[in-house]
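Okay, structure first, notes after.
There are 2 protein chains.
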Amino acid sequence: METSNLKKAGLKVTLPRMKILEILENSETRHLTAEAIYRELLDSGEEIGLATVYRVLTQFEAAGLVCRLHLEGNQAVFELERGGHHDHIVCNQCGRVEEFFDETIERRQREVAQHHGFAIKDHALVLYGDCTDNACPHRPA
Amino acid sequence: METSNLKKAGLKVTLPRMKILEILENSETRHLTAEAIYRELLDSGEEIGLATVYRVLTQFEAAGLVCRLHLEGNQAVFELERGGHHDHIVCNQCGRVEEFFDETIERRQREVAQHHGFAIKDHALVLYGDCTDNACPHRPA
DNA sequence: GCTCAGATGATCAAGATTCTCATTTCTATC
DNA sequence: GATAGAAATGAGAATCTTGATCATCTGAGC
Numbered sequence: 001m002e003t004s005n006l007k008k009a010g011l012k013v014t015l016p017r018m019k020i021l022e023i024l025e026n027s028e029t030r031h032l033t034a035e036a037i038y039r040e041l042l043d044s045g046e047e048i049g050l051a052t053v054y055r056v057l058t059q060f061e062a063a064g065l066v067c068r069l070h071l072e073g074n075q076a077v078f079e080l081e082r083g084g085h086h087d088h089i090v091c092n093q094c095g096r097v098e099e100f101f102d103e104t105i106e107r108r109q110r111e112v113a114q115h116h117g118f119a120i121k122d123h124a125l126v127l128y129g130d131c132t133d134n135a136c137p138h139r140p141a
Numbered sequence: 142m143e144t145s146n147l148k149k150a151g152l153k154v155t156l157p158r159m160k161i162l163e164i165l166e167n168s169e170t171r172h173l174t175a176e177a178i179y180r181e182l183l184d185s186g187e188e189i190g191l192a193t194v195y196r197v198l199t200q201f202e203a204a205g206l207v208c209r210l211h212l213e214g215n216q217a218v219f220e221l222e223r224g225g226h227h228d229h230i231v232c233n234q235c236g237r238v239e240e241f242f243d244e245t246i247e248r249r250q251r252e253v254a255q256h257h258g259f260a261i262k263d264h265a266l267v268l269y270g271d272c273t274d275n276a277c278p279h280r281p282a
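Note that the protein sequences, when read in sequence, are chains A and B. Take 1 as the starting number for the first sequence in my numbering and just add one per residue. Take 142 as the starting number for the second sequence in my numbering and just add one per residue.
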């Protein structure tokens with residue numbers, strides 16, 4: 001199970017790390033702030049400090065276990081790295097986050113970067129809009 | 142000159158606002174943090190507070206005179222709005238910022254959003270890479 | 001020049017994240 | 001298992017960016 005991921009990343013297997021990994025794995029939304037993870041830990045009776053949550057998430061990011069996203073707002077959100085790269089669409093109204101991957105966009109990005117003399121290493125793409133999902137509490141009537 | 146922009150935006154023409162606009166217009170880099178603008182003001186002998194810089198930049202943004210960008214790092218950067226929308230490429234090594242616009246990417250974004258049931262309103266796209274510009278102090282030898 | 005709404009500056013405050021350091025917990029070893 | 005050493009943790013302080021407060025000042029119209 002997931003302890004192997006920790007070991008592979010050169011991280012000692014500790015209770016806080018396992019609990020945080022567990023929360024990331026079982027979360028509905030898949031995109032959690034450090035604060036949200038901290039609250040879930042408290043709710044489940046764990047005595048884990050907020051500083052540890054930030055520390056562990058930063059280590060997980062360095063180890064490639066999670067991605068850190070900067071959506072609008074001042075808090076970063078973290079998501080478990082589950083294979084492929086993808087970008088995000090965020091609903092301005094309800095905050096729901098969806099993932100997508102588009103090969104055309106990826107390719108054009110590489111081409112554009114090359115044109116400008118850049119060796120592209122990474123990119124951040126977030127679309128913002130109003131979702132028309134029935135679940136969105138703010139959808140137009 | 143630029144005082145007309147201020148008036149058009151419903152903002153009183155004051156010394157701090159004119160000085161800040163001037164710095165944005167004359168800057169080499171075109172992408173400045175609030176802190177950087179503040180330092181330039183101090184260097185040129187103006188007694189303008191940091192709070193005013195933030196306040197004025199926020200007003201300029203609301204008036205459409207400047208754009209606020211969240212690149213990597215925790216400080217927002219501001220750039221003068223000079224007509225068209227564009228996205229950015231940032232050099233991981235020297236921090237240089239270049240602008241680009243690609244209609245293919247823009248179009249695919251709208252299509253992808255539509256597929257997911259979103260009415261797209263805005264987007265943030267930043268490419269990160271290593272620039273091969275001769276001016277980049279970190280370019281490979 | 002005078003008045004007053006609006007703007008400014010100094011300071012304080014808030015929110016997110018990191019740092020410090022004493023204490024605790026893993027892991028390897030006996 | 002017990003133990004030692006290294007690494008991890010927790011609590012709170014610290015930092016950094018940005019926004020809020022409020023008394024004072026300034027610009028636009030008369």
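Just so it is clear, CB atoms sit at the ideal spot from N, CA and C, and this is done for glycine as well.
Checklist entry - Of all the options B:Ser168, B:Asn167, B:His264 and B:Asp274, which has the alpha carbon lying nearest to the alpha carbon of B:His211? => result What you label residue 211 of chain B is simply residue 70 of the second sequence in a count that begins at 1. Among B:Ser168, B:Asn167, B:His264 and B:Asp274, the Cα nearest to that of B:His211 belongs to B:His264.
Next on the checklist: In the DSSP output, which residue or residues are listed as bridge partners for A:Asp130?
Outcome noted: For the purposes of this step, residue 130 of chain A is taken as the residue at position 130 of the first sequence. Answer by DSSP bridge pairing, in chain order: B:Ala260.
Next on the checklist: Check whether the region 72 to 79 of chain A and the region 19 to 37 of chain A touch, using three or more Cβ-Cβ pairs below 8 Å as the test.
Outcome noted: yes
Next on the checklist: Within 8 Å, do at least three Cβ pairs link the region 128 to 139 of chain A to the region 192 to 205 of chain B?
Outcome noted: no
Checklist entry - Going by DSSP, what residues sit across from B:Phe201 in a beta bridge? => result Looking up residue 201 of chain B in the second sequence gives position 60. Partner(s): none; B:Phe201 has no beta bridge.
Checklist entry - Within 8 Å (strictly less), CB to CB, does A:Thr142 reach chain B? => result Residue coverage of chain A in this structure runs from 1 to 141, which leaves residue 142 of chain A outside it and unanswerable.
Checklist entry - Which whole-angstrom value describes the C-beta separation of A:Leu41 and A:Lys19, a residue pair presumed to lie in contact below a C-beta threshold of 8 Å? => result Reading the first sequence from its first residue, position 41 is the one you call residue 41 of chain A. Reading the first sequence from its first residue, position 19 is the one you call residue 19 of chain A. Confirmed, about 6 Å.
Checklist entry - So what's A:Asp87 in DSSP terms, helix, strand or just coil? => result The residue you call residue 87 of chain A lines up with position 87 of the first sequence. Strand at A:Asp87.
Checklist entry - In chain B, which residues lie less than 7 Å from A:Ile89 when you measure between Cβ atoms? => result Mapped onto the first sequence, residue 89 of chain A falls at position 89. Residues of chain B with a Cβ closer than 7 Å to the Cβ of A:Ile89 are, in chain order, Ala254, His257 and Phe259.
Next on the checklist: Counting C-beta neighbours from all protein chains within 10 Å, is the total for B:Val284 16 or more, i.e. buried, or is it exposed?
Outcome noted: Residue 284 of chain B falls outside the range modelled here, since chain B spans only 142 to 282, and no answer is possible.
Item to check | Contacts of A:Phe78 in chain B (Cβ-Cβ under 7 Å) | outcome: As a working mapping, residue 78 of chain A is identified with position 78 in the first sequence. Result: empty, since nearest Cβ-Cβ is about 16 Å, beyond 7 Å.
Checklist entry - If we call anything under 8 Å between Cβ atoms a contact, is B:Cys232 one with B:Cys277? => result As a working note, residue 232 of chain B is residue 91 in the second sequence. As a working note, residue 277 of chain B is residue 136 in the second sequence. Yes, the pair counts as a contact, with Cβ atoms nearer than the cut-off.
Checklist entry - Span of the alpha helix (DSSP H) holding A:Glu25? => result The count along the first sequence starts at 1 and reaches residue 25 of chain A at position 25. A:Glu25 -> alpha helix (DSSP H) spans Leu15 to Asn26.
Checklist entry - Among the residues of its own chain, which have a CB less than 7 Å from the CB of A:Gln109, if the five just before and after it don't count? => result To locate residue 109 of chain A, count along the first sequence from 1; it is residue 109. Around A:Gln109: Ile120 and His123.
Checklist entry - Whose Cβ in chain B lies nearer than 8 Å to the Cβ of A:Glu98? => result Taking the first residue of the first sequence as 1, we reach residue 98 of chain A at position 98. Here the neighbours are His257 and Phe259.
Item to check | B:Gly214 versus B:Val238: straight-line alpha-carbon distance, rounded | outcome: The residue labelled residue 214 of chain B in the question sits at position 73 within the second sequence. The residue labelled residue 238 of chain B in the question sits at position 97 within the second sequence. Cα-Cα distance, rounded: 14 Å.
Checklist entry - Thinking C-beta only, is B:Phe242 closer than 8 Å to B:Gly225? => result Residue mapping note: residue 225 of chain B aligns to position 84 of the second sequence, counting from 1. Residue mapping note: residue 242 of chain B aligns to position 101 of the second sequence, counting from 1. Yes, these two residues count as a Cβ contact at 8 Å.
Next on the checklist: Using a Cβ-Cβ distance cut-off of 8 Å, determine whether A:Lys12 contacts chain B.
Outcome noted: By one-based count along the first sequence, residue 12 of chain A stands at place 12. No - not a single Cβ of chain B is within 8 Å of the one on A:Lys12.
Checklist entry - Out of curiosity, what's the CA-to-CA distance linking B:Leu173 and B:Arg180? => result Numbered from its first residue, the second sequence carries residue 173 of chain B at position 32. Numbered from its first residue, the second sequence carries residue 180 of chain B at position 39. Looking at the two C-alpha atoms, the distance is approximately 11 Å.
Checklist entry - Using a Cβ-Cβ distance under 8 Å, would B:His264 count as near chain A? => result Along the second sequence, read from residue 1 onward, the residue named residue 264 of chain B stands at position 123. Taking Cβ atoms only, chain A reaches closer than 8 Å to B:His264, which makes this a yes.
Next on the checklist: What does the alpha-carbon distance come out to for the pair A:Ala62 and A:Ala36?
Outcome noted: Numbered from its first residue, the first sequence carries residue 62 of chain A at position 62. Numbered from its first residue, the first sequence carries residue 36 of chain A at position 36. About 20 Å.
Checklist entry - So which residues of chain A does B:His211 contact, with C-beta pairs closer than 8 Å? => result The residue labelled residue 211 of chain B in the question sits at position 70 within the second sequence. Per Cβ cutoff of 8 Å: His70.
Checklist entry - Rounded to a whole number of angstroms, what is the C-alpha to C-alpha distance between B:Gln255 and B:Arg248? => result If you number the second sequence from 1, residue 255 of chain B lands on position 114. If you number the second sequence from 1, residue 248 of chain B lands on position 107. Approximately 11 Å between the Cα atoms of the pair.
Item to check | Below-8 Å beta-carbon distance, A:Asn92 vs any chain B residue | outcome: Translated into positions along the first sequence, residue 92 of chain A becomes position 92. Closer than 8 Å: yes.
Checklist entry - Using a C-beta cutoff of 8 Å, does B:Glu170 count as contacting chain A? => result For the purposes of this step, residue 170 of chain B is taken as residue 29 along the second sequence, with counting starting at 1. The sequence shown places Thr at residue 170 of chain B, not Glu. B:Thr170 does not count as touching chain A.
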